[in-house]
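Asks:
In full-length UniProt numbering, the protein residues as written are 1 to 321.
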């Protein structure tokens, strides 16, 4: 009985020792490993794909199994700079950012040796094809369309290799510095031209309105002067007729003319721009001036006399009884 107990104790010790040794071997050879979150491990057995190890504590057989690839499942970004030529023969550089993610772990590892270079190749081909159909001005306004074309092409191509294209961004279009300076000059010239046209239109409107105002002012001023002259002539004619009806002779007429003559001289002297006034110095010259004024007045009076007399008002007749 004691022999059996001794044998059992020996077996137990052997088993514990074996477990300890195996544990040490597993730890020493990395057979026990931990897969992190958002990561998958590709495990090969004797060089052949065996399984995909998910996140957590995992065990592999030493020498038999090995970790072939640690595949990240997070969204990754690949930045590329494409140099190409537009339809109007302008060389530009276009930064393109592609965001992608692994969908099939095994396909992404075994079907493509270098997925980043493969993605870049598709980006270069698609961007150059799209830009060859666009002028430089159209390219600036079609960045979103270019990005959409690249994304559509990449999605169709990379899906077969276990990759999903999340988003594609064309962040900028950079022409040569000399071309950019020329474009800025053209834009500045166009804005200056539009500003000049607007200023010219405003000046034209201002001039037209000022001319209209001046014409209206002169029209009203002419009407006022004409009315003033007519009132003066009517007043002179009325005074002359009153004197004639009163039986006053030519002396009164000459006095009236002389008064008007001196009033006219006084008004001329008041004018601010009058520098010199030429007057006759001998009595004969004064008589000539008086004769001219008298003739003018007589002409006005005669014109007034030639006016048709107003029609007499009809008298009221009494009805016969």
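Ideal Cβ placement from N, Cα and C applies to all residues, glycine included.
Can the beta-carbon of residue 170 be found closer than 8 Å to that of residue 146?
Replies: In contact: residue 170 and residue 146 (Cβ atoms closer than 8 Å).
Asks: Closer than 7 Å by C-beta to residue 118: which residues in its own chain qualify, once you throw out the five before and the five after it? Chain order, please.
Replies: Contacts found: 112.
Asks: Three-state secondary structure (DSSP) at residue 31?
Replies: Of the three classes helix, strand and coil, the one that applies to residue 31 here is coil, per DSSP.
Asks: Give the straight-line distance between the Cα atoms of residue 89 and residue 78, rounded to the nearest whole angstrom.
Replies: Their Cα atoms are separated by approximately 28 Å.
Asks: Which residue from 33, 96, 86 puts its Cα closest to that of residue 70?
Replies: Measuring from the Cα of residue 70, the nearest candidate turns out to be 33.
Asks: Take residue 74 and list the residues in its own chain whose beta-carbon comes closer than 8 Å to its own, dropping the five residues that flank it on each side.
Replies: Excluding sequence neighbours, residue 74 sits near 38, 101.
Asks: Less than 8 Å between the C-beta atoms of residue 108 and residue 162, yes or no?
Replies: Contact flag set, yes.
Asks: What is the DSSP secondary structure of residue 149, counted as helix, strand or coil?
Replies: Reduced to three states, the DSSP call for residue 149 is helix.
Asks: Quick check on DSSP: helix, strand or coil for residue 59?
Replies: Residue 59: strand per DSSP, three-state reduction.
Asks: Just to confirm, are residue 173 and residue 94 a CB contact at a threshold of 8 Å?
Replies: For residue 173 and residue 94, yes; Cβs fall inside 8 Å.
Asks: Which residue marks the beginning of the alpha helix (DSSP H) containing residue 136, and which one marks its end?
Replies: 136 to 141 is the extent of the alpha helix (DSSP H) around residue 136.
Asks: So, does the stretch 125 to 133 touch the stretch 148 to 157, judging by three or more C-beta pairs under 8 Å?
Replies: Verdict: yes, contact present.
Asks: Within a Cβ cutoff of 6 Å, which residues of the same chain sit near residue 313, ignoring the five residues on either side of it in sequence?
Replies: Residue placement at residue 313 cannot be trusted, given a pLDDT of 47 that sits under 50; the coordinates are not used to answer.
Asks: Looking at the strands, I want to know which residues DSSP matches up with residue 76.
Replies: Bridge partners of residue 76: 100.
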